[in-house]
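Since the structure comes first, as structure tokens, the remarks are kept for the end.
Residue numbers (my numbering): 623 to 863.
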């Protein structure tokens, strides 16, 4: 298996979902660890590595294909069509990721996610809804483990982004997730997340999922706004203590 995956330091929940697999593969591609025109490992090998079904792997690869990172060639395999050497982020962009505050992150999410969820309501396929449901199941099985919840929360919202079927929005949301991985947010997380907040957030997550299943777009938008406004308020409260 490619060292790009073996070298990933962030632990993953068991039976990793499609959105999380797509995010890890995407990071390896953007870092140039899977080079331009490189062939990815076979679906069977990826399924074994990630402890996931081949259907989940296919869904993850489809997400990356839709965002212009991969192309599948019948009889040959799946190849990287993103040239990382020509598209490295600038130092200014790296600084933005590193120094964006947790409050700026929440406000950025408020600017993007309501529209993202609306598009998911319009465009999500049955398979997209299955991926969102699987991510929700991961969230609800974290049993008040902060780190598990944080990883599963990223996967759930990435699944919403993928379900929008908008490549730019998916890319933008991946950038937001880069910010979430930095120390400022990681430090705040431990002072904010507690069992009651996990329960409240998961209720909202399930309500968003059910609204999407029912194609109730307005309700899905309203819930995600409520969810992010609650997160913003919890962040402000933590900063004032």
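Cβ coordinates follow ideal geometry from the N, Cα and C atoms, glycine included.
Look at the alpha carbon of residue i and the alpha carbon of residue j, and state the distance between them as a whole number of angstroms.
i: residue 857; j: residue 699; result: 45 Å
i: residue 675; j: residue 748; result: 17 Å
i: residue 778; j: residue 757; result: 5 Å
i: residue 837; j: residue 766; result: 30 Å
i: residue 830; j: residue 641; result: 17 Å
i: residue 661; j: residue 702; result: 7 Å
i: residue 653; j: residue 849; result: 32 Å
i: residue 835; j: residue 826; result: 14 Å
i: residue 664; j: residue 726; result: 40 Å
i: residue 832; j: residue 845; result: 11 Å
i: residue 646; j: residue 735; result: 21 Å
i: residue 828; j: residue 821; result: 11 Å
i: residue 635; j: residue 774; result: Interpretation of residue 635 is limited by its pLDDT of 39, a score under 50 that renders its predicted location unreliable; no figure is taken from the coordinates.
i: residue 657; j: residue 761; result: 33 Å
i: residue 847; j: residue 824; result: 14 Å
i: residue 733; j: residue 672; result: 33 Å
i: residue 737; j: residue 729; result: 14 Å
i: residue 679; j: residue 666; result: 9 Å
i: residue 686; j: residue 793; result: 10 Å
i: residue 819; j: residue 731; result: 18 Å
i: residue 755; j: residue 677; result: 15 Å
i: residue 713; j: residue 722; result: Residue placement at residue 713 is flagged as unreliable, the pLDDT there being 46, under the threshold of 50; a coordinate-derived value is accordingly withheld.
i: residue 683; j: residue 639; result: 12 Å
Use the C-beta contact count for residue i: other C-beta atoms within 10 angstroms, 16 or more gives buried, fewer gives exposed.
i: residue 788; result: buried
i: residue 750; result: buried
i: residue 776; result: buried
i: residue 746; result: buried
i: residue 802; result: buried
i: residue 668; result: buried
Going by Cα to Cα distance, which pick from the options is closest to residue i?
i: residue 659; options: 830, 667, 695, 813; result: 695
i: residue 812; options: 823, 769, 681, 680; result: 769
i: residue 854; options: 724, 736, 734; result: 724
i: residue 817; options: 672, 847, 772, 796; result: 772
i: residue 795; options: 759, 668, 689, 823; result: 689
i: residue 644; options: 666, 722, 692; result: 692
Contact defined as beta carbons within less than 8 Å: I believe residue i pairs with residue j. What is the distance between those atoms, to the nearest angstrom?
i: residue 785; j: residue 742; result: 4 Å
i: residue 704; j: residue 651; result: 6 Å
i: residue 782; j: residue 799; result: Actually they are not in contact, since the Cβ atoms of residue 782 and residue 799 sit about 12 Å apart, beyond 8 Å.
i: residue 681; j: residue 753; result: 6 Å
i: residue 740; j: residue 839; result: 6 Å
Opposite residue i in the DSSP bridges: which residues?
i: residue 689; result: According to DSSP, which records beta bridges pairwise, residue 689 is partnered with nothing at all.
i: residue 828; result: Answer by DSSP bridge pairing: none, since residue 828 is not bridged.
i: residue 701; result: 661, 693
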